[in-house]
Amino acid sequence: MKILVTTDFSPNSKAAIQVAATMAKQATGVELIFYSAVEMMQPQAWNLSFYKKYVLEEKHRLTKELEKFVSAAIGTNKSILQKSKYIIDFTQETTKAIIDYAAKSKCQIICIATNGAGILRKLMGTHASYLVNHSTVPVLAIPSKYTAKAIKQITYVSDFENLVPELNRVTKLSTVLKSSTEVLHYARMGVQHPETIKKLKVFDKELYRSIKTKVVASDIQYSLVERLTQYIKKQKPDLIVLFTRQHKGFFAQLFLSSKAAELSFSTKIPTLIYPKK
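Heads up: the sequence shown begins at 20 in this note's numbering, then just goes up one per residue.
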């Protein structure tokens, strides 16, 4: 598994580095790419030759700074850095550069910290939202105050659409991380509705028998974010997994509403968001 870990050298971005390092320690075969996109344009007064020389020198300097920053963020757990890469990318559009590099490098996850303060929070939230809404690579959003720990329990929040393909992706991740998985579904048509019962029969298959299921009747007086927030506080999973239709639907309701902070910022646990196919 290849993880692209983004950082802007701010203290808030350290959480993403620490979580990615913990995942690399927990699983085998994880490759970490620490990546920073630096916005830069060629000044009109500079000729192309001088600009190219400046870019090379800055890349070398910033790569060394990135190595130091990552090393300091990880602390004593340096062994996982032996096969890591450090990339400085000069660009005019940070989020697009992240998406392009992740796709080009065939990464399985983009890891980004969220929840800065003031302007930084707004900026980081915008970056995370754009990535989730446009990236073909799943995005792992890490609250900046989160203390990294092993992922032992994954809660996959499912709408029961495309259930088998999504389950396969989640179980593949849980196998790599050696973690347990539960599926949480809010049944809009009711827990005993024939369609709900029909979907649950999938879990009778041997491949999915170890997965716990939690089907809860939808309570329309509370938003989905409010229900999830309460569930997370009570059950305390280590990772939330969501699948979202990009540009519309579930993501728009969940992350772009006024309730956005409740889940992406206030639950204080990592959230992995896959694009829905």
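Note that the Cβ used here is the ideal one computed from N, Cα and C, for glycine as well.
Under the criterion of beta carbons closer than 8 angstroms, residue 232 and residue 219 qualify as touching, at roughly 6 angstroms.
Just measuring C-alpha positions, the residue of 29, 54 and 100 sitting nearest residue 106 is 54.
Below 8 angstroms, too few C-beta pairs join the stretch 83-101 and the stretch 112-121 to call them touching: fewer than three.
Residue ranges of uninterrupted beta strand (DSSP E) with 3 or more members, entirely inside the stretch 153-231 and ordered along the chain, are 158-162, 172-176 and 199-206. Excluding residues up to 5 positions away in sequence, 35, 36, 39, 51, 52, 53, 54 and 130 lie with their Cβ nearer than 7 angstroms to the Cβ of residue 24 in the same chain.
The continuous beta strand (DSSP E) containing residue 25 extends over residues 21-25. If you draw a straight line from the Cα of residue 193 to the Cα of residue 291, it is about 12 angstroms long. Beyond the five residues adjoining it in sequence on each side, residue 132 comes within less than 6 angstroms, by CB distance, of 31, 32, 34, 35, 161 and 163 in the same chain, given in chain order. Beta-bridge annotation (DSSP): residue 117 is not paired with any residue. With contacts defined by Cβ atoms closer than 7 angstroms, residue 127 and residue 257 do not form a contacting pair. In the three-state DSSP reduction, residue 53 falls in the strand class (E or B). Under the three-state reduction of DSSP output, residue 87 falls in the helix class. By the Cβ rule, the stretch 189-208 does not count as touching the stretch 57-74, because fewer than three pairs are nearer than 8 angstroms. Here residue 146 is buried, its C-beta having at least 16 other C-beta atoms within 10 Å.
Annotation for residue 104: no alpha helix (DSSP H) segment contains it, though the beta strand (DSSP E) segment containing it runs 104-110. For residue 262, the beta-bridge partners assigned by DSSP are 293.
Residue 92 sits in a helix when the DSSP states are folded into three classes.
The residue among 211, 223 and 44 with its C-alpha nearest the C-alpha of residue 101 is 44. Residue 58 is bridged by DSSP to 110.
Residue 128 carries a strand assignment under DSSP once its states are collapsed to helix, strand and coil.
Pairing residue 245 with residue 47, the inter-Cα distance amounts to about 36 angstroms. One alpha carbon belongs to residue 243, the other to residue 205, and they sit about 9 angstroms apart. With respect to the 7 angstroms criterion, residue 295 and residue 263 are classified as neighbours on the basis of their beta carbons. Residue 260 holds the alpha-carbon nearest to the alpha-carbon of residue 176 among 209, 237, 20 and 260. A direct Cα-to-Cα measurement between residue 83 and residue 217 gives close to 56 angstroms.
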